[in-house]
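For the record, the sequence lines run as chains X, B, U and Z.
The first sequence runs 302 to 816 under the numbering used here.
The second sequence runs 6 to 378 under the numbering used here.
The third sequence runs 6 to 378 under the numbering used here.
The fourth sequence runs 573 to 886 under the numbering used here.
Even for Gly, the Cβ is constructed at its ideal location relative to N, Cα and C.
Computed from a predicted model, the values in this text were never measured in an experiment.
Notes follow the structure.
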Amino acid sequence: MRTAVAPILRACDVTKVYGGTHALKGVDFDVAPGRVTALFGENGAGKSTLMKILSGIEHPTTGHVELDGRPVALVSSRDAADQGIAIIHQELSLCPNLSIQDNLFLAREVPGGLGSIDRRAQRATTRAILSNLEEDLDPDQLVGDLRLGQQQVVEIARALLQEARVLIMDEPTSALTAPEVEVLFRVIRELTGNGVAVVYISHHLDEALEIADDVVVLRDGRLVATADAAEVDIGWIVEQMVGRDQDALFPHRTPALGEELLTVRDLVVADPANPDRLAIDRLSLSVRQGEIVGIYGLMGSGRTELLETLAGRVPALSGEILLSGAPLEDAGIRRRIEQGVVLVPEDRQRDGLVQTMSVGENLSLASLAKFVRRLFVSRDRERDAVERMISDVTVKTDGAGAAIGSLSGGNQQKVVIGKALLTDPRVLLLDDPSRGVDVGAKADVFELMAAQARRGLAVLFTTSDAEEALHIPDRLLVLVRGTVAGEFRRGEINREELMSVSDGAAIEAAGDGER
Amino acid sequence: MTSPGTTTAPRATDPASPEKAAAAARRLSLLNALFELRAFIALAVLIVVFGLLSDSFLTVPNLITMTKHVAINAVIALGMLLVILKGGIDLSVGSIVGLSGVVAGELLQGLNLGFVDLIAYPPVWGVIVLCIAVGMLVGLVNGVLVTRFRVAPFIATLGMLYVARGIALLISGGSTYPNLGGNPELGNTGFGLLGSGRPLGLPTSIWIMVALAVAVMLLLTKSPFGRWLYATGGNERAAELSGVPINRVKTAVYVISGACAAVAGLIIASELTSAAPQAGETYELNAIAAVVIGGAALSGGRGTVRGTLLGAFVIGFLADGLVILGVSTFWQIVIKGAVIILAVMLDQGQQRFKRRGAAVSAAAASKRPEPAA
Amino acid sequence: MTSPGTTTAPRATDPASPEKAAAAARRLSLLNALFELRAFIALAVLIVVFGLLSDSFLTVPNLITMTKHVAINAVIALGMLLVILKGGIDLSVGSIVGLSGVVAGELLQGLNLGFVDLIAYPPVWGVIVLCIAVGMLVGLVNGVLVTRFRVAPFIATLGMLYVARGIALLISGGSTYPNLGGNPELGNTGFGLLGSGRPLGLPTSIWIMVALAVAVMLLLTKSPFGRWLYATGGNERAAELSGVPINRVKTAVYVISGACAAVAGLIIASELTSAAPQAGETYELNAIAAVVIGGAALSGGRGTVRGTLLGAFVIGFLADGLVILGVSTFWQIVIKGAVIILAVMLDQGQQRFKRRGAAVSAAAASKRPEPAA
Amino acid sequence: GGAADTSAQNSPGAQAVSASPTGGGQAGGLIAIITPSHDNPFFKAEADASKAKAEELGYETSVASHDDDPNKQSELIDAAISRQAKAIVLDNAGADASIGPVRKATEAGIPVFLIDREINATGVAKAQIVSNNSQGAQLAAQSFVEAMKEKGNYVELVGKESDTNASVRSKGFTDVISQYPDLKLVARESANWDQQEAFTKMETIIQKNRDIQGVIAGNDTMALGAVAALKAAGMLDKVVVVGFDGSPDAIAAIKAGEMHATALQPAALAAESAVEQADAFIKNGSTGKEEKQSIDCELVTKENADEFGVFARK
Ligand SMILES: Nc1ncnc2c1ncn2[C@@H]1O[C@H](COP(=O)(O)OP(=O)(O)OP(=O)(O)O)[C@@H](O)[C@H]1O
Ligand SMILES: Nc1ncnc2c1ncn2[C@@H]1O[C@H](COP(=O)(O)OP(=O)(O)OP(=O)(O)O)[C@@H](O)[C@H]1O
Ligand SMILES: [Mg+2]
Ligand SMILES: [Mg+2]
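What follows is the structure, given as structure tokens:
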């Protein structure tokens, strides 16, 4: 049951339609002062859309928004901001070519006479806010030089700067280390203490539930449940989100291990983003046929670099990579794919999909060579293979011809995996395959991985989710600053131990300012 | 991190109103079909208008003549299309036109083999091959600059625009090569046919355009290379991670573009049976305009051969038509600029309209109540 | 999309070898400093080479003259810089140069007020204001096409390149306006001063360049507009969400660019005390080259006034130097192209070198043994 | 205004070409007039003169410019052919590059009458009425030499190097000047017929060597560019500037004492006689003149400047 407090901000019977998509269908949503309202829902449930409407970025197709009980027309994000509604966007929205302070004060510059900017004042304020967030960064540093996590902190700082009455946080922690999350929660409590209303969205259900006062669940555009955070648990939330309970997520399986397929010895890789440090430092590991190996680590621990090196995108400085005993030469991605090593990248939009191409064309992109007959791609062979893959990986789509943008996050992820599988790999690398994918799609993805393992593939995947790390892999490697900090079989450790292994590292990392 | 889009238009429109949805779908696809034809429309309008204003416009000989003029720009534009599909741009084609002509001229004059003092007269086919090779070479330099040295295409090809033009002027000493007819006892005649020949009653250049168009169309729609190209233009990183040899693809398009420009240069030289070093100045702009009017996106990944050809015809027929009407040269310039802008605005309008149309129809559908899932 | 961005001061973070890393850091930051100055270097090289080859190159009067020539391109380039910072491009500036000159010519000849049949002779300042207004108008059209109608900048300004040029030719009927000196009893003299005047011993055009440079620099570094512009070029969506009026920013840069081009046109007309409609052809290319040589990224968000000025000087001094050395016109063209490419390659080289150097030092560091974590 | 415009003005009237304003005589069909870009007053004068003459003789006209692009020229000639023009008056885009197109027209039964620039072939065009460039150049050079008192340093500004007339005139200048050992060439630069470029190049040359007593330019546009530069350097009164073409602007400059002389090409005259010969040929199959006809240029100096109008004696 909700509190008696009168809501500051409310969405009344809001409907939002994009092209053919109904993002929201008649949603009533209240935001109470001094409380944290956690919003749950699968991908595409409409969380961000609802927030965009409350913060003036989008306008409801029907229905309206009330501020302090009076209907308001929020014409733009700026308009909303001026009325005391601040938002932290799900996708980072900073200017990499500007300094931290410029980003914080963008379009809110402190006038300094003669139409100039009062840099001193801005710098001071920036310092204050950052130190409150316990990030000591130079206000004049370029945002582009910050690592993802730090960028997200800047994003948060910018929202705090507005001293809003309503603060909306759409996945503010997707790139934060555990300690950074703790800091954020402290700040949030201070805010609510001062009567600020906070809306909090995260796919890390446990985390969200920890900070929440009220819980609201969306399911494909409808508001399906509201409750007091104290009265509910994760299981209940998941049920409301998908109507299936969480354990179904993790298929129980007994691996049939074959010979050792992938072997890595003393791998050293420079960090492509800032080369004066190592992303991977003398790392060794091995994966056997039919085995699923998981890599858990904090943001920036080098998981992506590791997988990208194995996939042939990033060259190794030293060390060797062997496939069933035979060393792989540094001949690039194409060759690796031919040899049977393929990567499902971390960021679908950026590295996985070609938005200008259809579902089918995306699926067959990596294995066109197979369909070539006399110089040309044989449409029939391609269609058959693609249709089969679509059903194998259970992509929900109108068919191979559909535009890739028309798929939900989960289904897009399945397409990327399908593309990899069409190359008949022997080693399947997946970088955070469940990132930003909803509970339902997650289950399918893990089932896919298990199926491939059964077929005798070696599966190596990364994750930022402790639950996954503990349940999915047969063997779990904990990565800390580019080296293996610990190796465990399934069930060997529990959540707390896992945290301590990586958090310990994280605190160090936070200490040295870079990691 | 998260993906937009969960459902396509047809699926999204809720079960409650299938017929409405279907109707909407039909309306839209109709609009599409109509708009996809916009280059057609533009062309049709031109033809009708000019046809009415001048009785000498719609005569068969005149149409053939105009098509022959279109051919040159079309040939260059087909190469440009590939570069633009990749998300690049090639400003050097105009200079390559001049250079290839000059090389042809130089070779047909006979090249002096210093050491033994006699002059070699390569056969015409040899000349043609060499000229195209020169064009490809310039293209290769463009490609290498863009891929290996990461120079922005605009700058790399801008630089080569000057370099290639300068070389053409240096080789020719600034003067024009006269009568490239060649002469019988040297066995290097027949170059003129390229321009003046009329197999099956149509000028050679038209046949070349057609052949090239077919080739490029096959390349784009049927071959793996075509798919790689669209992928590279659509999302380079994703293409790379799928094992597409993006550097080779990128280099290839510049080489092909160079070759096409060289062919255009040969056609011109052969039509005039003489080669001037300043030939082809600013042709790059016409080629780019044709490709863009044809509906391609400068950002890459979007564009077709059909569209490009139509674009070339629009520009060519416009130019010739205005001359036939005797419109002042100054007005011709203004009108050309206006048409380029309008054609592209039409494109944008189309995209916009589609979106709005869709939203509206879907909204209508969403109005009616439905049972909670 | 948040790109990794160019790493500035390298952060040594490999605990294995702090001192080694620190060393690397020093080495790199030195290289940086050196490379950031690359435009400087290019210029220095030019000056030294020409200085050695010709004794008349490094004389004060010659330096002044060359700077005067640079001024015209620099003025255009400063406007172009803003457009490029936004991630756009303006191909119409060359035509605006011609148009503004023609308008000046027309006005100084006196404009015939049809209704009352007498001819009005606006004062010189009025003429100047009107010409700049015309330039801004063309810029406004560019801006509206890009923002309202979503036409790609390349196409919109390409179209206006033709339209503006055509209009200039129509107004002037193609002929040149002679002696813009004006005449005393009409009180419209003094136009020539713009070009021939020498306040404090330096040509007016140089002062104009300096003033404009300072103004633009202040605009970019000190004013909110500057922040907005960089933000729009760096990440348009982010800027928009932060409440930056991106459409107004975008439109503004085209208007300013148009104004700068118009000023350049006035300077030229005043230097020659005559205005030709074809003035300024292909000037856009020189301006773009200057901006890019100055280290700006065509993708937007990166570029400085200092760099742009240096770029303009490199191009201008190169051209004049080659004339002084009596290098053949043809070679001048080749060399110009080569220099453009080289200057930009140097830029890329810098970025690459930094990365490799770093990786190497990191690798070196990693070799030394260390207890596993 | 301009020839081109007049035809534009009545093009709304669904009229392909402008009919004879006089209406005198039977409408004798179409005469196509093709010249380089009208943004040079010289070619505009040609176009205007021949257009006027043709319409006076009762022909329809179509005026177009090939902007010195041989390919565009050939396209314009194609257009004329497909419109069955009675004759073509052409100021061509290159002595060699134009042979093909002219032959094409002739073979299509359309007589071509060349003005201003000749082509490197005879028997193709019906007439080549060319102002005698080398004679004009020598005329100009001669008066240049006299004005220079046969000694001193001078600069030559050459036209677009890929243009025949540029070299012909340059040669004409040298033939004369080289006979006077005391005249020293300190710089020869191409300014591509362009005023701004001539201005810049001249300024730079002055920096290299202020000791200059004369400038001789391949056309008036460049000469005027040089004048502007010299004026800016305060050297104009000591430097003799001679140009070529006899453009109104140049004549004005001569009257103002800024230029010494120019060789006037009677463009209008050539254009008109080209049309007359075309008329003759159309009516009775021959021009009655031999193909190559050269019209001598006239020297314009302060003394006789008042006698000249737009590329013609008044
Ligand atoms: N936006 C960024 N800007 C600069 N450097 C970055 C950025 N993102 C990652 N890095 C660098 O890449 C290295 C690896 O980071 P990365 O995020 O790939 O690690 P990870 O373990 O894959 O974390 P995740 O997979 O969760 O992103 C880090 O050392 C970091 O310095
Ligand atoms: N700009 C857009 N154009 C078209 N459809 C959109 C757009 N933005 C969102 N949608 C659709 O609206 C629905 C809701 O999207 P939204 O981003 O709100 O979901 P979400 O709950 O935020 O998902 P996630 O948890 O992955 O962030 C999805 O089906 C999505 O595809
Ligand atoms: Mg969301
Ligand atoms: Mg990663």
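Looking only at its own chain, which residues have a Cβ that is under 8 Å from the Cβ of residue i, when we skip the five neighbours before and after it?
i                 : result
Arg583 of chain X : Asp567, Leu568, Val569, Gly620, Thr784
Trp336 of chain B : Leu327
Gln713 of chain X : Arg649, Gly653, Leu654, Ile705
What does a CB cutoff of less than 6 Å around residue i pick up in its chain, not counting 5 residues either side in sequence?
i                 : result
Leu96 of chain B  : Thr162, Leu163, Leu166, Glu289
Thr72 of chain B  : Ile211
Ser609 of chain Z : Ser637, Asp639
Ala76 of chain U  : Ser210, Ile211, Met214
Using the rule of at least 16 other Cβ atoms within 10 Å of the residue's Cβ for burial, across every protein chain shown, is residue i buried or exposed?
i                 : result
Ala27 of chain B  : Note that Ala27 of chain B has pLDDT 49, beneath the 50 cutoff, so the model's placement of it is unreliable and no number is given.
Thr313 of chain B : buried
Gly331 of chain U : exposed
Asn495 of chain X : exposed
Arg885 of chain Z : exposed
Ala643 of chain Z : Correcting the residue type first, residue 643 of chain Z is Asn in the shown sequence and not Ala. Buried: at least 16 other Cβ atoms inside 10 Å.
Asn842 of chain Z : One point to set straight first is that residue 842 of chain Z is Ala, not Asn, in the sequence displayed. It counts as buried.
Ile124 of chain B : exposed
Ser275 of chain B : buried
Val54 of chain B  : exposed
Would you call the CB atoms of residue i and residue j closer than 7 Å?
i                 : j                 : result
Ala665 of chain Z : Ala839 of chain Z : no
Gly357 of chain X : Leu519 of chain X : no
Gly299 of chain U : Gly316 of chain U : yes
Ile660 of chain Z : Ala604 of chain Z : yes
Arg90 of chain B  : Leu303 of chain B : Residue identity check: residue 90 of chain B is Leu in the sequence provided, not Arg. Not closer than 7 Å, so no.
Val373 of chain X : Ala333 of chain X : no
Val727 of chain Z : Val787 of chain Z : yes
Val655 of chain X : Gly239 of chain B : yes
Asp663 of chain Z : Ile687 of chain Z : yes
Ala763 of chain Z : Asp792 of chain Z : no
Ile59 of chain U  : Val107 of chain U : Correcting the residue identity first, residue 59 of chain U is Ser in this sequence and not Ile. No.
Ile160 of chain U : Ala266 of chain U : no
Glu647 of chain X : Asp732 of chain X : yes
Could you tell me which residues DSSP puts in a beta bridge with residue i?
i                 : result
Leu755 of chain Z : Z:Gly724
Glu632 of chain Z : Z:Leu602
Lys864 of chain Z : Z:Gln700
Leu644 of chain X : X:Leu730
Leu468 of chain X : X:Ala387, X:Val499
His365 of chain X : X:Cys313
Glu870 of chain Z : Z:Leu836
By the criterion of Cβ-Cβ separation under 8 Å, what are the contact partners of residue i in chain A?
i                 : result
Asp325 of chain B : Within the model displayed, chain A is absent; protein chains X, B, U and Z are what it includes.
**Report entry** Whole runs of the alpha helix (DSSP H) within the region 409-464 of chain X, excluding any shorter than 4 residues
**Finding:** 420-433, 449-462
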